[in-house]
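Asker: Could you have a look at this structure, given as structure tokens, before my questions?
2 protein chains.
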Amino acid sequence: MAVSYERIAGELRTAIRAGRLRPGDRLPAETELAERFGRSVPTVREALRALRDEGLIEKRHGIGTFVRRERALARRTNLRHQWEKDRSRRPVAQRAMTGATEHDTGLTANDLVFWARYREIPAGGDISAVLGVREGAALLERSYRTRHATESAPFGLVTSYLVRGMIARNPDLLDETKEPWPGGTQSQLHSVGIELDRIEERVTARPPMPEEAEELELPPGTSVLVLRKISYATDGRVVDVTDVVLPGDRTELLFTTPLERW
Amino acid sequence: MAVSYERIAGELRTAIRAGRLRPGDRLPAETELAERFGRSVPTVREALRALRDEGLIEKRHGIGTFVRRERALARRTNLRHQWEKDRSRRPVAQRAMTGATEHDTGLTANDLVFWARYREIPAGGDISAVLGVREGAALLERSYRTRHATESAPFGLVTSYLVRGMIARNPDLLDETKEPWPGGTQSQLHSVGIELDRIEERVTARPPMPEEAEELELPPGTSVLVLRKISYATDGRVVDVTDVVLPGDRTELLFTTPLERW
DNA sequence: GAGTGGTCTAGACCACTGT
DNA sequence: CAGTGGTCTAGACCACTCC
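Here the protein sequences line up with chains A and B, keeping their order. So for the first sequence, the UniProt record's numbering puts the first residue at 1; every next one is plus one. So for the second sequence, the UniProt record's numbering puts the first residue at 1; every next one is plus one.
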């Protein structure tokens, strides 16, 4: 290879893939690598940065550079939607026991810390187009965070948009102190007579924005999954748009598509 | 901010988000930015690297640094699976007209260039576990690339694994020169009497490996979507595992979940 | 040829961590 | 305290692109 930082990165990459360097292992210090490869420290740092950008290593200031471990996956399945719909007609006491996050993760409510914030905002940009309302229409913006009780980073950054006029019949739906609502958004919509017909989820991936990296505690060299969930009522209206940002290295989205039998 | 490259990155980021720098605009040269901010060129380069890692800018050697434009999205929907199943019993002539990629993208077969390579390999690692066969069992590994006729990068990197013993009844299925098979994998399985019951798709995101970045022509500062598709036959067996690597910045996965009516 | 970003040197000093 | 990575300087020369 013409470029010497690529040669250094290549040798280390090969060692990691071959298992000569195992997850959790510490790499030699930058000064030592520089000496060993006969290059300057900045050149070695360039090589390490390339490996970090591939998600292979992780640097810890003042400690060293380590081969990255696989993260435990949090799973989110689309079966949750039917499950939530079924629950939304059940008694409150039964709904209160567990929510969709518990359904997906297998955890109980005691393991989880929940947080919600409501704001009323005018519809703008693509949200108004998706919801089919005019620009400036009154929306309810709901931000959610759920995290494991023993960790500081949430599972994801969730923002949901509802049309205020559709739900104002039930004032409790405008009150964030009523969260967590037993049974989730489908139960809330049910309380104002809205039944869902289907849910669309659009998924893309990109590097995190700095604010997202901070809140999700993402190390450099990771990606986020960006999911937009669109809920359609039985009358065809879009009744909810939810944007979710999830850490790509510790989230697995599972979609099951049943097929009609012959 | 304590760190001056962060201050430089912050000012440029704000300018981009506010629209003072628009997609496609060229940023000042590194030497000019260095002078303007009163820092050295390497410090400016550090700031630009941070913005590139966020996907905000794109550097072109010998030309300059530009605000990145949004990419045109290629969409892939899970409705394709039922569509493919319906087609797999239709006459060959009808199946030959369009495939799933055409279904998703709205393009015609003339717009697309298709490529396939078959290999027989022993089952290893997680693939044998998912397919439910012993390690070392004979598998057919099929690699696919589809690209737009006017572009050089494929839509994605597709590798499918079939159990050789399940499909050997039809020797055509072992022959890569028979590709593209009219109607796709479900038609191939149908030719040996296999009907699918459901499809599971698992989605995660991560930075690309160097080989993936090269083949998909991904600039630094992008992510890939990693999709594993698992096909279940009506008898409960896993009959196909397909791994797909897609460019995160120009792919949208669309999943529709229908809900039972009350 | 002029201008751009890419690679590299050989240091300096700072900030963080564990002992 | 010693050792680590983080930031920064002030250059040098190379590779690429456009004119």
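All C-beta atoms in this analysis are idealised placements derived from N, C-alpha and C, irrespective of residue type, glycine included.
Three Cβ pairs or more, each shorter than 8 Å: is that satisfied between the segment 40-54 of chain A and the segment 3-21 of chain A?
Answerer: The segment 40-54 of chain A is in contact with the segment 3-21 of chain A.
Asker: Around the C-beta of Gly136(A), are 16 or more other C-beta atoms found within 10 angstroms, so that it is buried, or is it exposed?
Answerer: The residue is exposed, with fewer than 16 neighbouring Cβ atoms inside 10 Å.
Asker: Hey, does Ser191(A) have any beta-carbon neighbour from chain B nearer than 9 Å?
Answerer: Closer than 9 Å: no.
Asker: Answer yes or no: does any C-beta atom of chain B fall closer than 9 Å to that of Leu21(A)?
Answerer: So, not an interface residue.
Asker: Is any beta-carbon of chain A found at less than 9 Å from that of His81(B)?
Answerer: Interface residue, yes.
Asker: Excluding the 5 residues preceding and the 5 following Glu6(A) in the sequence, name in chain order all residues of the same chain whose CB lies nearer than 7 Å to its CB.
Answerer: Hits under 7 Å: none found.
Asker: Taking 9 Å as the threshold (beta carbon to beta carbon), is Arg26(B) in contact with chain A?
Answerer: Closer than 9 Å: no.
Asker: Please compile the residues from chain A whose C-beta is within a distance smaller than 9 Å of the C-beta of residue 298(B).
Answerer: As shown, chain B starts at 1 and ends at 262. That puts residue 298(B) outside it, with no answer to give.
Asker: Enumerated in chain order, which unbroken segments of the beta strand (DSSP E) with a length of 3 residues or greater are wholly contained in the segment 114-184 of chain A?
Answerer: Segments of the beta strand (DSSP E) lying fully in the segment 114-184 of chain A: 138-148 and 157-163.
Asker: Out of curiosity, what's the CA-to-CA distance linking Glu201(B) and Phe255(A)?
Answerer: Using only the alpha carbons, I get a separation of about 5 Å.
Asker: Please work out which residues of its chain come closer than 7 Å, Cβ to Cβ, to Met1(A), disregarding the five sequence neighbours upstream and downstream, and give them in chain order.
Answerer: Per-residue confidence for Met1(A) stands at a pLDDT of 47, beneath the threshold of 50, marking its modelled position as unreliable; the derived number appears in the next sentence. Contacts found: Arg7 and Gly10.
Asker: Any Cβ of chain B within less than 9 Å of the Cβ of Ser4(A)?
Answerer: So, not an interface residue.
Asker: Between the segment 96-109 of chain B and the segment 72-81 of chain B, do at least 3 Cβ pairs fall closer than 8 Å?
Answerer: Verdict: yes, contact present.
Asker: Taking the alpha carbon of Arg250(A) as the point to measure from, which residue in Tyr161(A), Arg26(A) and Arg68(A) has its own alpha carbon closest?
Answerer: That would be Arg68(A), whose Cα lies nearest to the Cα of Arg250(A).
Asker: Quick check on Asp175(B): buried or exposed, where buried means 16 or more other Cβ atoms within 10 Å of its Cβ?
Answerer: Per the 10 Å Cβ criterion, exposed.
Asker: Helix, strand or coil: which one does DSSP assign to Gly64(A)?
Answerer: It is a strand residue.
Asker: Just verifying my parser: in three-state terms, what is the DSSP assignment at Arg75(A)?
Answerer: Strand at Arg75(A).
Asker: If we count the other Cβ atoms within 10 Å of its Cβ and call it buried at 16 or more, is Ser88(A) buried or exposed?
Answerer: By the 10 Å Cβ count, Ser88(A) comes out buried.
Asker: Would a C-beta distance cut-off of 9 Å place Gly55(B) and Leu27(B) closer than the cut-off?
Answerer: No.
Asker: By a C-beta neighbour count over all protein chains shown, 10 Å radius and 16 as the cutoff for buried, is His81(A) buried or exposed?
Answerer: Its Cβ being crowded by 16 or more others within 10 Å, His81(A) is buried.
Asker: Measure the C-alpha to C-alpha separation of Glu179(B) and Glu70(A) and round it to an integer number of angstroms.
Answerer: Between Glu179(B) and Glu70(A), the C-alpha separation is close to 37 Å.
Asker: Going along chain A, which residues have a C-beta under 9 Å from Lys59(B)?
Answerer: Near Lys59(B) there are no residues of chain A at all, since even the closest Cβ is about 14 Å away, more than 9 Å.
Asker: Name, please, each residue of chain B whose Cβ falls closer than 8 Å to the Cβ of Thr234(A).
Answerer: The contacting residues are Arg261.
Asker: Find the residues of chain B that neighbour Val44(A), judging by a C-beta separation of less than 8 Å, and give them in chain order.
Answerer: Residues of chain B passing the Cβ test: none, with the nearest at roughly 15 Å.
Asker: Going by the DSSP bridge assignment, what does Ala233(A) pair with across the sheet?
Answerer: Ala233(A) is bridged to Leu196(A).
Asker: Since Thr204(B) and Glu217(A) should fall inside the 8 Å C-beta cutoff, what is the C-beta to C-beta distance between them, to a whole number of angstroms?
Answerer: Rounded, the Cβ-Cβ distance is 18 Å, inconsistent with contact.
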